[in-house]
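S.K.: Heads up: the sequence shown is residues 1133 to 1274, going by this note's numbering.
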Amino acid sequence: MRTQMLIWTGGLVALLSLVGVPTGSTAAEFQGAWLEQGGTCQDVFVSTGKGLAFKPSASAFTAAFIIAGNRLQTPLASCAIKATKRSGDRRVLDLACTNAVASEEMKAILASRSAAELRRYTSLTDTVGSSYRKCGAADVRR
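#1: Since I1199 and A1159 are thought to touch, with beta carbons under 8 Å apart, how far apart are those beta carbons, to the nearest angstrom?
#2: Out of curiosity, what's the CA-to-CA distance linking L1250 and S1189?
#3: My guess is that A1192 and L1208 are in contact by the Cβ rule of under 8 Å, so how many angstroms apart are they, rounded?
#4: Does DSSP put D1226 in a helix, in a strand, or in coil?
#5: Measure the CB-CB distance between E1168 and Y1253 and report whether it falls below 8 Å.
#6: I'd like the list of long-range same chain contacts for I1241, defined as Cβ closer than 6 Å, with 5 residues on each side in sequence excluded.
#7: Please report the residue range of the beta strand (DSSP E) in which Q1205 lies.
#8: Quick check: what's the CA-CA separation for L1227 versus K1217?
#9: Alpha carbon to alpha carbon, what distance is there between E1236 and S1210?
#10: Taking the alpha-carbon of V1272 as reference, which of G1183, S1179, E1161 and G1164 has the nearest alpha-carbon?
#11: With DSSP collapsed to three states, give me the class of V1178.
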């Protein structure tokens, strides 16, 4: 009976990993600073020696974010990445975000296009998305 339970549990874990149940709390392929195509990295980010950070002058409405470890940061909010799951070629990040006014649970839907490009989607049925490029230290030097 115990052996059957272990086999069933192992099979369930394998099945759940295939259908998109949370796989962890990091988004390794998305680590770094990202800016929507058309923006200029040096206008939004500054090099800190440890990586990039938002410039104090960055607009609150700039379509940009930084993922470092299990944290996602925008110009206005800081989020903990609670879990990630696959849905086809996309990753759904479950976020717990806080800003100066409130805290809220939300999702980010991303798909890697290359090491330096990703698409952000508003939903799993969104077929267009928005293109983002990765910014590095060389991109913020004047």
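Where is the CB? At the ideal position from N, CA and C, for every residue including glycine.
M.R.: The structure says:
#1: Contact check for I1199 and A1159: beta-carbon distance about 6 Å, within the 8 Å limit, so the pair qualifies.
#2: Their Cα atoms are separated by approximately 25 Å.
#3: Confirmed, about 5 Å.
#4: For D1226, the secondary structure class from DSSP, reduced to helix, strand or coil, is strand.
#5: Y1253 is positioned such that its CB atom lies no closer than 8 Å to that of E1168.
#6: For I1241, same chain residues with a beta-carbon under 6 Å away, outside a window of 5 residues either side, are R1222, V1224 and Y1253 in chain order.
#7: Following the DSSP letters along the chain, one finds Q1205 inside the beta strand (DSSP E) bounded by residues R1203 to Q1205.
#8: Each residue's alpha carbon lies about 12 Å from the other.
#9: About 11 Å.
#10: Here the closest residue by C-alpha is S1179.
#11: DSSP places V1178 in strand when its eight states are reduced to three.
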